[in-house]
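Novice: Provided herewith is a single structure, encoded as C-alpha coordinates, for subsequent inquiry.
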Amino acid sequence: CEYQNSSEFSGRSVAVIGEGNSGAQILAEVAPHTSRVLWITKEEPTFYRDNVDGRILFDQAHTWRQALKTGASVPQFRFSSVVMLPAVKKARDEGVFNNRMPPPSRFVADGLEWDSNPIVDQCAKELQLRECTNGRYKASIDSIIWCTGFSPALDHMKALIPNPPGETFMNGQSKTNPFLWFVGYGDWCGYGSGSISVASWFAGDAVKNLSRMLKG
(Lines of atoms letter the chains of each structure in order from A and count residues from 1; the text may use other names and numbers.)
(Lines give C-alpha, C1' and ligand atoms only; values in the text may rest on other atoms or scores of the structure.)
Protein backbone atom coordinates (compact mmCIF):
# COMPACT_ATOMS: atom_id res chain seq x y z
CA CYS A 1 0.00 0.00 0.00
CA GLU A 2 1.06 3.61 -0.44
CA TYR A 3 2.78 5.47 2.41
CA GLN A 4 0.42 7.98 4.01
CA ASN A 5 1.94 9.20 7.28
CA SER A 6 4.11 8.09 10.17
CA SER A 7 1.30 7.44 12.65
CA GLU A 8 0.38 4.11 11.05
CA PHE A 9 3.80 2.74 12.09
CA SER A 10 3.50 3.64 15.77
CA GLY A 11 5.18 1.02 17.96
CA ARG A 12 6.22 -1.10 14.97
CA SER A 13 9.64 -2.32 13.85
CA VAL A 14 10.25 -0.68 10.46
CA ALA A 15 12.82 -0.99 7.67
CA VAL A 16 13.15 1.87 5.19
CA ILE A 17 14.80 0.80 1.93
CA GLY A 18 16.49 3.46 -0.23
CA GLU A 19 19.32 5.95 0.31
CA GLY A 20 17.96 8.98 -1.56
CA ASN A 21 16.02 12.00 -0.35
CA SER A 22 12.74 10.14 -0.05
CA GLY A 23 14.36 7.39 2.01
CA ALA A 24 16.08 9.80 4.38
CA GLN A 25 13.01 12.02 4.78
CA ILE A 26 10.58 9.17 5.45
CA LEU A 27 13.08 7.54 7.82
CA ALA A 28 13.32 10.82 9.73
CA GLU A 29 9.54 11.06 9.83
CA VAL A 30 8.73 7.55 11.05
CA ALA A 31 11.69 6.95 13.40
CA PRO A 32 10.24 8.78 16.44
CA HIS A 33 7.11 6.61 16.31
CA THR A 34 8.68 3.18 15.85
CA SER A 35 9.94 0.62 18.32
CA ARG A 36 12.90 0.07 16.00
CA VAL A 37 14.01 1.39 12.64
CA LEU A 38 16.56 0.17 10.10
CA TRP A 39 17.83 2.06 7.06
CA ILE A 40 18.63 -0.31 4.19
CA THR A 41 20.94 1.24 1.59
CA LYS A 42 22.72 -0.20 -1.40
CA GLU A 43 25.36 2.54 -1.35
CA GLU A 44 26.80 4.82 1.30
CA PRO A 45 24.36 7.75 1.57
CA THR A 46 25.77 11.19 0.82
CA PHE A 47 24.52 14.39 2.45
CA TYR A 48 24.69 18.03 1.45
CA ARG A 49 25.99 20.60 3.94
CA ASP A 50 23.51 21.91 6.49
CA ASN A 51 23.37 25.36 4.88
CA VAL A 52 22.35 24.01 1.45
CA ASP A 53 18.66 23.75 0.56
CA GLY A 54 16.78 21.87 -2.14
CA ARG A 55 17.55 24.46 -4.80
CA ILE A 56 20.95 22.83 -5.20
CA LEU A 57 19.32 19.91 -7.03
CA PHE A 58 17.96 22.27 -9.68
CA ASP A 59 21.18 24.32 -9.76
CA GLN A 60 23.25 21.21 -10.39
CA ALA A 61 20.87 20.04 -13.09
CA HIS A 62 21.09 23.50 -14.73
CA THR A 63 24.92 23.44 -14.58
CA TRP A 64 24.95 20.01 -16.15
CA ARG A 65 22.54 21.06 -18.90
CA GLN A 66 24.53 24.19 -19.77
CA ALA A 67 27.73 22.15 -20.01
CA LEU A 68 25.98 19.72 -22.32
CA LYS A 69 24.74 22.52 -24.56
CA THR A 70 28.08 24.33 -24.81
CA GLY A 71 30.23 21.25 -25.23
CA ALA A 72 32.07 21.90 -21.97
CA SER A 73 33.19 19.11 -19.68
CA VAL A 74 30.00 17.62 -18.28
CA PRO A 75 30.08 17.40 -14.46
CA GLN A 76 28.73 14.25 -12.87
CA PHE A 77 26.32 14.76 -10.01
CA ARG A 78 24.67 12.32 -7.68
CA PHE A 79 21.05 13.39 -7.77
CA SER A 80 20.25 11.15 -4.79
CA SER A 81 22.40 13.15 -2.34
CA VAL A 82 20.28 14.08 0.68
CA VAL A 83 19.22 17.67 1.34
CA MET A 84 19.40 18.50 5.03
CA LEU A 85 15.84 19.55 5.80
CA PRO A 86 15.12 20.36 9.48
CA ALA A 87 13.62 16.91 10.18
CA VAL A 88 16.57 15.23 8.45
CA LYS A 89 19.07 17.25 10.50
CA LYS A 90 17.24 16.29 13.68
CA ALA A 91 17.30 12.60 12.73
CA ARG A 92 21.00 12.80 11.96
CA ASP A 93 21.78 14.50 15.27
CA GLU A 94 19.80 11.81 17.11
CA GLY A 95 21.75 9.04 15.38
CA VAL A 96 18.83 7.67 13.37
CA PHE A 97 20.93 7.35 10.21
CA ASN A 98 23.43 5.15 12.04
CA ASN A 99 20.87 2.33 12.04
CA ARG A 100 22.02 1.28 8.60
CA MET A 101 22.41 -2.12 6.95
CA PRO A 102 23.18 -3.21 3.38
CA PRO A 103 20.40 -4.88 1.36
CA PRO A 104 19.27 -8.17 2.93
CA SER A 105 20.07 -11.52 1.39
CA ARG A 106 16.45 -12.55 1.73
CA PHE A 107 13.06 -11.62 3.09
CA VAL A 108 11.51 -14.03 5.57
CA ALA A 109 8.05 -14.20 7.09
CA ASP A 110 8.94 -12.13 10.14
CA GLY A 111 11.75 -9.92 8.92
CA LEU A 112 15.04 -9.71 7.03
CA GLU A 113 18.11 -11.95 6.89
CA TRP A 114 21.70 -11.27 5.86
CA ASP A 115 24.40 -13.75 4.96
CA SER A 116 27.68 -13.09 6.70
CA ASN A 117 30.33 -10.97 4.96
CA PRO A 118 32.76 -8.33 6.30
CA ILE A 119 30.41 -5.37 5.68
CA VAL A 120 27.36 -7.16 7.08
CA ASP A 121 29.35 -8.40 10.07
CA GLN A 122 30.51 -4.89 10.95
CA CYS A 123 27.07 -3.30 10.55
CA ALA A 124 25.38 -6.13 12.46
CA LYS A 125 27.87 -5.82 15.29
CA GLU A 126 27.25 -2.08 15.60
CA LEU A 127 23.48 -2.60 15.62
CA GLN A 128 23.65 -5.72 17.81
CA LEU A 129 21.64 -7.79 15.37
CA ARG A 130 20.87 -11.33 16.40
CA GLU A 131 23.02 -13.98 14.72
CA CYS A 132 21.09 -17.07 13.69
CA THR A 133 22.44 -20.57 14.23
CA ASN A 134 23.11 -20.91 10.50
CA GLY A 135 25.58 -18.01 10.49
CA ARG A 136 23.08 -15.49 9.21
CA TYR A 137 21.93 -12.29 10.85
CA LYS A 138 18.27 -11.55 11.33
CA ALA A 139 16.15 -8.52 12.16
CA SER A 140 12.50 -8.92 13.06
CA ILE A 141 10.56 -6.37 11.01
CA ASP A 142 6.85 -5.57 11.04
CA SER A 143 6.76 -3.14 8.10
CA ILE A 144 8.93 -2.30 5.09
CA ILE A 145 8.78 1.06 3.33
CA TRP A 146 10.24 1.08 -0.19
CA CYS A 147 11.88 4.36 -1.26
CA THR A 148 13.81 3.05 -4.25
CA GLY A 149 12.07 4.76 -7.14
CA PHE A 150 10.88 2.44 -9.86
CA SER A 151 11.95 0.48 -12.90
CA PRO A 152 9.45 0.97 -15.72
CA ALA A 153 7.65 -2.08 -17.09
CA LEU A 154 8.51 -2.00 -20.78
CA ASP A 155 8.03 -5.64 -21.76
CA HIS A 156 5.17 -4.70 -24.06
CA MET A 157 7.61 -2.57 -26.08
CA LYS A 158 10.45 -5.06 -26.45
CA ALA A 159 10.36 -4.69 -30.22
CA LEU A 160 11.04 -0.96 -29.85
CA ILE A 161 13.44 -1.05 -26.92
CA PRO A 162 16.15 -3.70 -27.17
CA ASN A 163 17.96 -4.53 -23.96
CA PRO A 164 20.02 -2.60 -22.94
CA PRO A 165 18.25 0.50 -24.33
CA GLY A 166 21.38 2.64 -23.96
CA GLU A 167 22.84 1.00 -27.05
CA THR A 168 20.01 2.09 -29.34
CA PHE A 169 18.91 5.40 -27.81
CA MET A 170 20.77 8.70 -27.41
CA ASN A 171 19.20 11.10 -24.91
CA GLY A 172 15.88 9.35 -25.42
CA GLN A 173 15.92 9.39 -29.23
CA SER A 174 16.13 6.15 -31.16
CA LYS A 175 19.25 5.82 -33.31
CA THR A 176 17.32 3.79 -35.88
CA ASN A 177 13.99 5.67 -35.89
CA PRO A 178 14.47 9.42 -35.32
CA PHE A 179 10.73 9.88 -34.71
CA LEU A 180 10.79 7.54 -31.70
CA TRP A 181 11.50 9.23 -28.36
CA PHE A 182 11.25 8.23 -24.70
CA VAL A 183 11.56 10.62 -21.76
CA GLY A 184 11.77 10.16 -18.00
CA TYR A 185 12.67 6.47 -17.91
CA GLY A 186 16.25 6.78 -16.68
CA ASP A 187 19.73 7.71 -17.86
CA TRP A 188 19.24 6.12 -21.29
CA CYS A 189 16.74 8.96 -21.89
CA GLY A 190 19.43 11.48 -20.92
CA TYR A 191 21.70 11.57 -17.90
CA GLY A 192 19.72 12.28 -14.74
CA SER A 193 16.37 12.13 -16.52
CA GLY A 194 15.01 9.85 -13.82
CA SER A 195 14.68 13.05 -11.75
CA ILE A 196 11.78 15.45 -12.25
CA SER A 197 13.89 18.54 -12.91
CA VAL A 198 16.01 16.94 -15.64
CA ALA A 199 13.24 14.84 -17.20
CA SER A 200 11.24 18.01 -17.89
CA TRP A 201 14.13 19.44 -19.91
CA PHE A 202 14.54 16.34 -22.02
CA ALA A 203 10.78 16.22 -22.55
CA GLY A 204 10.86 19.83 -23.76
CA ASP A 205 13.75 19.04 -26.09
CA ALA A 206 11.88 16.04 -27.48
CA VAL A 207 8.80 18.16 -28.25
CA LYS A 208 10.87 20.87 -29.94
CA ASN A 209 12.84 18.39 -32.02
CA LEU A 210 9.78 16.41 -33.05
CA SER A 211 7.92 19.59 -34.00
CA ARG A 212 10.84 20.71 -36.13
CA MET A 213 11.10 17.29 -37.79
CA LEU A 214 7.36 17.15 -38.55
CA LYS A 215 7.45 20.62 -40.10
CA GLY A 216 10.23 19.40 -42.37
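Residues in the sequence shown are numbered consecutively from 1245, following this note's numbering.
Glycine included, each C-beta is placed from N, C-alpha and C at the ideal position.
Around the Cβ of Ala1383, are there at least 16 other Cβ atoms within 10 angstroms (buried) or fewer (exposed)?
Specialist: Sixteen is the threshold: when 16 or more other Cβ atoms of the shown chains lie within 10 Å of the Cβ of Ala1383, as they do, the residue is buried.
Novice: So, under 8 Å CB-CB, Gly1197 and Gly1434 are touching, yes? Tell me the CB distance rounded to an integer number of Å.
Specialist: A query on residue 1197 cannot be resolved here, the shown segment of the chain reaching from 1245 to 1460 and no further.
Novice: With a CB to CB cut of under 8 Å and the five nearest residues on each side skipped, what residues in its chain are close to Gly1428?
Specialist: Ser1437, Gly1438, Ala1443, Phe1446, Ala1447
Novice: Under the rule that 16 or more other beta-carbon atoms within 10 Å means buried, what is Gln1304, buried or exposed?
Specialist: buried
Novice: Take Ser1279 and list the residues in its own chain whose beta-carbon comes closer than 7 Å to its own, dropping the five residues that flank it on each side.
Specialist: The beta carbon of Ser1279 sits closer than 7 Å to the beta carbons of Gly1255, Arg1256, Ser1257 from its chain, once the five residues preceding and following it are set aside; these are given in chain order.
Novice: Short of 7 Å in beta carbon distance, which residues of its chain neighbour Ala1275, apart from the five on each side in sequence? Order them along the chain.
Specialist: Val1281, Ala1335, Val1340, listed in sequence order.
Novice: How far does the alpha helix (DSSP H) with Arg1280 in it reach, from first residue to last?
Specialist: For Arg1280, there is no enclosing alpha helix (DSSP H); the enclosing beta strand (DSSP E) covers residues 1280-1284.
Novice: Would you decide whether Leu1458 is buried or exposed? Buried here means 16 or more other CB atoms lie within 10 Å of its CB.
Specialist: exposed
Novice: CA-CA distance, Val1352 and Asn1343?
Specialist: So the alpha carbons of these two residues sit roughly 20 Å apart.
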